[in-house]
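*Asks:*
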Amino acid sequence: MSARPLVSVDARSGAWEESPWPSAFELARVLPQNSWTLVGGLMVKLHAELAGLPSPRATVDVDSALHLETQAITFAEAAALLAAAGYVLDDSTKHAYRFDRGADRVDVMCSDRQSIWRRHRCQGRPLFGISGGTRALQQTINVDVETAADTVRLVVPTLRGALVLKGGRLGQHRSVVRAA
């Protein structure tokens, strides 16, 4: 496997202190390096920043995808580390994935193939698999983010990987609409 490309971002300005960025940086400090990838709204915001584009829509949570396929971490290990940081797994959802700590929210998911083929479970509930996640997690870059406190490393899908994720989500949405 070849090394991931590395880019750096200076996040010492006020915009990076707005929620949910501090939660994403904390997640990078809490979970083992290379055990997860940032996906969802913050992934889109980070790609916009790297491209010099205006920030897209606001997001209120941190969406992450665990690299279960590499065995760098298990969902149970991630859940234990998040619990030690004060997060509580939401037991009201069909899938085990949402962790809350006050107003902070972290969604911990896995690739679509891991959720379908391996059928991982937590507290009797299936994990939440991201459509297109398997391909997207194979196409990632490292982003060193310099914060006021330290430098944290985030892993995000490449632009191509991000488009695979968004395309998978769109296909999922269309299937739901057609079924209605």
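Numbers 5 to 184, taken from the numbering used here, label the letters of the sequence shown in order.
Where is the CB? At the ideal position from N, CA and C, for every residue including glycine.
Could you pull the DSSP bridge partners for Phe103 from this structure?
*Replies:* BP columns for Phe103 point to Leu93 and Val110.
*Asks:* Look at the alpha carbon of Ser68 and the alpha carbon of Thr138, and state the distance between them as a whole number of angstroms.
*Replies:* Their backbone Cα atoms lie some 13 Å apart in a straight line.
*Asks:* Below 8 Å, can you find three or more Cβ-Cβ pairs linking the region 68–88 to the region 23–39?
*Replies:* Yes, the region 68–88 is in contact with the region 23–39.
*Asks:* Which partner residues of Trp20 appear in the DSSP bridge assignment?
*Replies:* Paired residues: none, contrary to the question.
*Asks:* Check whether the region 64–78 and the region 39–50 are in contact - that is, three or more C-beta pairs closer than 8 Å.
*Replies:* Yes, they touch.
*Asks:* Applying the 10 Å Cβ sphere with the 16-neighbour rule, what's the burial state of Lys98?
*Replies:* It is exposed - the Cβ of Lys98 has fewer than 16 other Cβ atoms within 10 Å.
*Asks:* Among residues of its own chain, excluding the 5 on either side of His71, which ones have a beta-carbon nearer than 8 Å to its beta-carbon?
*Replies:* Once the five neighbours on either side are set aside, the close Cβ partners of His71 are Asn38, Ser39, Trp40, Thr41, Ile77 and Leu141.
*Asks:* Count the other CB atoms, across all protein chains shown, that sit within 10 Å of the CB of Ala52; report buried if there are 16 or more and exposed otherwise.
*Replies:* When all chains shown are included, Ala52 counts as exposed.
*Asks:* Does the Cβ of Val11 have 16 or more other Cβ atoms within 10 Å, making it buried, or fewer, making it exposed?
*Replies:* Burial call: exposed.
*Asks:* Whose CA, out of Ala28, Ala7, Met113 and Ala89, lies closest to the CA of Arg105?
*Replies:* Answer by Cα proximity: Ala89.
*Asks:* Measuring only the C-alpha atoms, how far is Asp94 from Arg102?
*Replies:* Taking the straight line joining both Cα atoms gives about 5 Å.
*Asks:* Any idea if Val160 is buried or exposed, counting beta-carbon neighbours within 10 angstroms, 16 or more meaning buried?
*Replies:* Buried.
*Asks:* By the three-class DSSP mapping on this structure, what secondary structure does Thr144 have?
*Replies:* The answer is strand: DSSP assigns Thr144 an E or B state.
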